[in-house]
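Everything on this sheet refers to the single structure shown next.
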Amino acid sequence: MVEMPAGLVKATFLSRPNRFTVVADRGGEKVAAFLADPGRLTELLLPGAELYLAPVQGGGKRKTAYDVVLLYREGIFISLDSRLPNRLFAAAFHSGRLAPFAGYRELTAEVRAGSSRLDFLLTPGGKQEEPRRGAGLPPCYVEVKSVTLVTGDGLALFPDAPTGRGSRHLQELMVLRAGGCRAAVVFIIQREDAVILAPNENTDPLFARALREAAGAGVEIYAYRCRISPATACLADAVPVRLNSNFLCGDDHVKSW
């Protein structure tokens, strides 16, 4: 579980002048807020959408006094902070709630892999002379992807904008897997109304193709939906990933280590 920023204030979405800035109405006052999500978000950031903003403490050289944290729509809260999934993954890992990675004890963030940086490296850890569950497990590299786009029938789609960086990460994971490491992509859906996840073929067919190739090469693929509130956020349950009409992967559809 991760605590959300304190002192959230309600506002109404007005416009998005650039990828990282939102203009909102807070009680009749126009305010600018930083948006930590470069995705299109066109299905969410609609005029009149209900936002929750976090006041920035200190300010410094910032041009905005708020951060966009949440959007409330049709009875659910949706996180609009693409930095949150990494924190959620780390919190779930340390609390032992990620069954596919049981046996790993240590987590290192921002690790170099080829020409990229991947989000996490998991290792068994512990003293060499200490008997432990997971001894002998190979290093496991994990890339976390933030998902906010969910259709009306509960289908979560990634990405919502073309991502060459995402395809490059998949290539790096395939190289690591070929070298004897474990490699995994974990899609964290920052809302609770998803029932399945699939690559967004229409938006980025190259990423969709790369994801299927990665799965075929032994890269593990998982997806989790989140439980979000103005106070806390946490990973809820896993949802299956549909790579094509005949192939599912996820907690119950992958090789056990």
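Under the numbering used here, the residue at position 198 of the sequence shown is numbered 242, and the numbers go up by one with no gaps. Built from N, CA and C at the ideal position, the CB exists for glycine as well.
Expected contact under 8 Å - CB spacing of Ala135 and Met45 to nearest Å:
6 Å
Are the Cβ atoms of Phe121 and Tyr148 separated by less than 9 Å?
no
Environment of Lys189 [buried if 16+ CB atoms lie within 10 Å]
buried
Quick one: residues in its chain with C-beta nearer than 8 Å to the C-beta of His138, no 5 flanking neighbours on either side, listed in chain order?
Leu151
Examine the Cβ distances between the segment 205–221 and the segment 253–264 and report whether three or more of them are shorter than 8 Å.
yes
Taking the alpha carbon of Val349 as the point to measure from, which residue in Gly119, Ala98 and Lys105 has its own alpha carbon closest?
Residue coverage of the chain in this structure runs from 45 to 301, which leaves residue 349 outside it and unanswerable.
Could you tell me which of Val66, Ala153 and Arg209 sits nearest to Asp111, measuring between CA atoms?
Val66
What is the DSSP secondary structure of Lys171, reduced to helix, strand or coil?
Confidence at Lys171 is low in this model, with a pLDDT of 49, below 50, so its placement is unreliable and no value can be given for it.
To the nearest angstrom, how far is it from the Cα of Arg176 to the Cα of Leu166?
Caution applies to Arg176, whose pLDDT of 48 falls short of 50 and renders its modelled position unreliable; the value that the coordinates give is listed next. Each residue's alpha carbon lies about 15 Å from the other.
Span of the beta strand (DSSP E) holding Leu79?
Leu79 -> no beta strand (DSSP E), and no H or E assigned at all.
Do you know how far the Cα of Lys54 is from the Cα of Glu94?
7 Å
Only counting runs of 3 or more residues, tell me where the beta strand (DSSP E) segments fall wholly within the segment 238–264, in order along the chain.
240–243
Expected contact under 8 Å - CB spacing of Phe164 and Val186 to nearest Å
4 Å
Output needed for Ala80: all residues of its chain with C-beta closer than 6 Å, excluding positions within five of it in sequence on either side, in chain order.
Asp125, Ser126 and Arg127
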